[in-house]
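A.B. asks: In the working numbering, the protein residues as written are 1 to 304.
(1) By how many angstroms is the C-alpha of residue 59 removed from the C-alpha of residue 303?
(2) Tell me the rounded alpha-carbon separation between residue 13 and residue 40.
(3) Just list the alpha helix (DSSP H) runs in the segment 8-62, keeping only unbroken ones of 4 residues or longer that don't cross its boundaries, in chain order.
(4) Are the beta-carbon atoms of residue 274 and residue 233 separated by less than 8 Å?
(5) Are residue 276 and residue 290 closer than 8 Å when you measure CB to CB?
(6) Using a threshold of 8 Å, state whether the C-beta atoms of residue 102 and residue 87 are closer than that.
(7) Using DSSP with H/G/I as helix, E/B as strand and the rest coil, what is residue 96?
(8) Between the Cα of residue 283 and those of 197, 261, 226, 254, spot the shortest distance and give me the residue it belongs to.
(9) Locate the alpha helix (DSSP H) running through residue 236, then write down its first and last residues.
(10) With a threshold of 16 other CB atoms inside 10 Å of the CB of residue 193, please say whether the residue is buried or exposed.
(11) So residue 121 and residue 207 are supposed to be a Cβ contact under 8 Å. How far apart are they, rounded?
(12) So residue 153 packs on residue 186, CB below 8 Å; how close in whole Å?
(13) Tell me, which residues are paired with residue 68 by DSSP?
(14) Return the CA-CA distance between residue 250 and residue 163, expressed in angstroms with no decimal places.
(15) Tell me which residue opens and which closes the alpha helix (DSSP H) that residue 279 is part of.
(16) Please report the residue range of the alpha helix (DSSP H) in which residue 169 lies.
(17) Skipping 5 residues on each side, what residues in its chain have a beta carbon closer than 8 Å to that of residue 296?
(18) Output the distance between the C-alpha atoms of residue 170 and residue 146, rounded to the nearest integer angstrom.
(19) Is the beta carbon of residue 221 less than 8 Å from the beta carbon of residue 26?
(20) Between the alpha carbons of residue 95 and residue 115, how many angstroms are there, rounded?
(21) Compare the Cα-Cα distances from residue 159 to each of 54, 300, 3, 33 and report the closest residue.
(22) Grouping DSSP H, G and I as helix and E and B as strand, with all else coil, what is residue 248?
(23) What is the C-beta distance between residue 49 and residue 81, in whole angstroms, given that I count them as a contact (C-beta under 8 Å)?
(24) Under a three-way DSSP split, which group does residue 86 fall into?
(25) If we count the other Cβ atoms within 10 Å of its Cβ and call it buried at 16 or more, is residue 178 buried or exposed?
(26) Between residue 17 and residue 4, is the Cβ-Cβ spacing less than 8 Å?
(27) Please classify residue 266 as buried or exposed, where buried requires at least 16 neighbouring CB atoms within 10 angstroms.
(28) Is the beta carbon of residue 109 less than 8 Å from the beta carbon of residue 76?
(29) Measure the beta-carbon distance from residue 176 to residue 150 and round it to whole angstroms, keeping in mind my assumption that it falls under 8 Å.
(30) Do residue 99 and residue 161 count as a contact pair if the criterion is CB distance below 8 Å?
(31) How far does the alpha helix (DSSP H) with residue 205 in it extend, from its first residue to its last?
(32) Check the DSSP bridge columns for residue 110 and list the partner residues they point to.
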């Protein structure tokens with residue numbers, strides 16, 4: 001990995017860090033060191049980085065703001081590609097928005113709501129980046145990314161850049177084809193509509209206020225941990241099972257919202273994993289329902 005580190009430095013791609021703690025890059029504030037973490041300065045820099053990564057055939061993974069990641073206490077093997085502020089840009093044309101993958105999702109929604117653009121109201125309070133939102137088909141309040149994404153620009157390991165249409169992205173509940181294919185979202189084009197500025201801003205505020213009043217953002221967390229096993233709701237099932245407030249080590253199920261696991265006191269990934277398993281075992285035993293996580297667990301030796 002040291003040779004990979006040196007070649008990435010020589011490739012002039014932006015920041016290249018050795019043994020960077022992932023706790024600095026996840027909203028749970030949990031995670032051991034990545035062997036190498038890079039922050040490319042743009043798509044061309046990302047292509048140069050990918051060329052080095054594939055030449056050496058080392059594991060890699062792309063992250064945004066780490067809002068849906070549980071990283072192993074032992075860290076991440078290989079290279080972590082962080083798409084952050086260096087890929088935070090936005091262009092507007094005919095009610096279509098071209099946004100860099102590193103753009104804060106809630107920041108983008110806030111900016112556009114103040115212009116009276118409608119379509120992103122559901123994003124009020126959703127953490128993460130545009131790239132992550134596309135990858136996960138982020139959504140809330142009955143809407144999601146599949147409603148507004150026109151296409152996404154993705155980079156494949158062979159260095160090819162391809163625009164995938166909404167249909168090709170194969171969106172479904174909290175998933176996309178990108179969870180099956182190895183590719184990095186570089187940017188996305190979103191189609192919005194012209195709305196009443198005051199109404200759009202008010203709708204955004206309503207969603208933000210709802211999240212603040214019902215979700216425990218006063219502790220490090222990763223948003224909803226479990227997917228809703230429709231027609232049921234994960235939080236309701238966990239609460240009915242009497243698991244609100246359940247703790248393991250420094251982590252616990254929030255008393256405010258049962259589908260949130262919070263880092264109360266220097267929690268480890270193993271603490272959160274233990275709670276996840278306890279919830280899954282309990283819900284299956286009580287209701288015969290298999291609970292699937294919305295967050296992604298990254299183990300040190302995972303085949304990335």
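Just so it is clear, CB atoms sit at the ideal spot from N, CA and C, and this is done for glycine as well. Bear in mind that the values here come from a model prediction, so they are computed numbers and not experimental data.
C.D. replies: Result, derived from the coordinates:
(1) Per-residue confidence for residue 303 stands at a pLDDT of 48, beneath the threshold of 50, marking its modelled position as unreliable; the derived number appears in the next sentence. Distance between the alpha carbons of residue 303 and residue 59 is about 7 Å.
(2) The alpha-carbon separation between residue 13 and residue 40 amounts to approximately 5 Å.
(3) Fully enclosed alpha helix (DSSP H) runs of 4 or longer: 43-56.
(4) Contact: no.
(5) Inclusion of residue 276 and residue 290 in the CB contact set at 8 Å is not warranted, their separation being larger than that value.
(6) In this structure, residue 87 lies closer than 8 Å to residue 102 by Cβ.
(7) Correct three-state label for residue 96: strand.
(8) It is 226.
(9) Segment 234-240, the alpha helix (DSSP H) holding residue 236.
(10) Per the 10 Å Cβ criterion, exposed.
(11) So it is a contact: roughly 6 Å between Cβ atoms.
(12) By a beta-carbon distance limit of 8 Å, residue 153 contacts residue 186. Their separation comes to about 5 Å.
(13) Paired residue(s): none; residue 68 is not in a bridge.
(14) For residue 250 and residue 163, the gap between their C-alpha atoms comes out near 43 Å.
(15) In the DSSP assignment, residue 279 falls within the alpha helix (DSSP H) that extends over 269-287.
(16) Per DSSP, residue 169 belongs to the alpha helix (DSSP H) from 166-169.
(17) If we look at residue 296 and ignore the five residues flanking it on each side, its Cβ neighbours are 68, 69, 70.
(18) Taking the straight line joining both Cα atoms gives about 9 Å.
(19) No, the Cβ-Cβ distance between residue 221 and residue 26 is not below 8 Å.
(20) Their Cα atoms are separated by approximately 11 Å.
(21) Distances from the alpha-carbon of residue 159 to those of 54, 300, 3, 33 put 54 closest.
(22) In the structure shown, residue 248 falls within a strand segment according to DSSP collapsed to helix, strand and coil.
(23) Distance from residue 49 to residue 81 at the Cβ level is roughly 7 Å; contact confirmed, criterion being Cβ atoms closer than 8 Å.
(24) DSSP places residue 86 in helix when its eight states are reduced to three.
(25) It counts as buried.
(26) Contact annotation: residue 17 and residue 4 have beta-carbon atoms that are not nearer than 8 Å.
(27) Residue 266 comes out exposed.
(28) No, they are not a contact pair.
(29) About 14 Å separates the CB atoms of residue 176 and residue 150; that is not less than 8 Å, and the two are not in contact.
(30) No, they are not a contact pair.
(31) First-last of the alpha helix (DSSP H) with residue 205: 197-214.
(32) Note: residue 110 sits in no beta bridge, so no partner.
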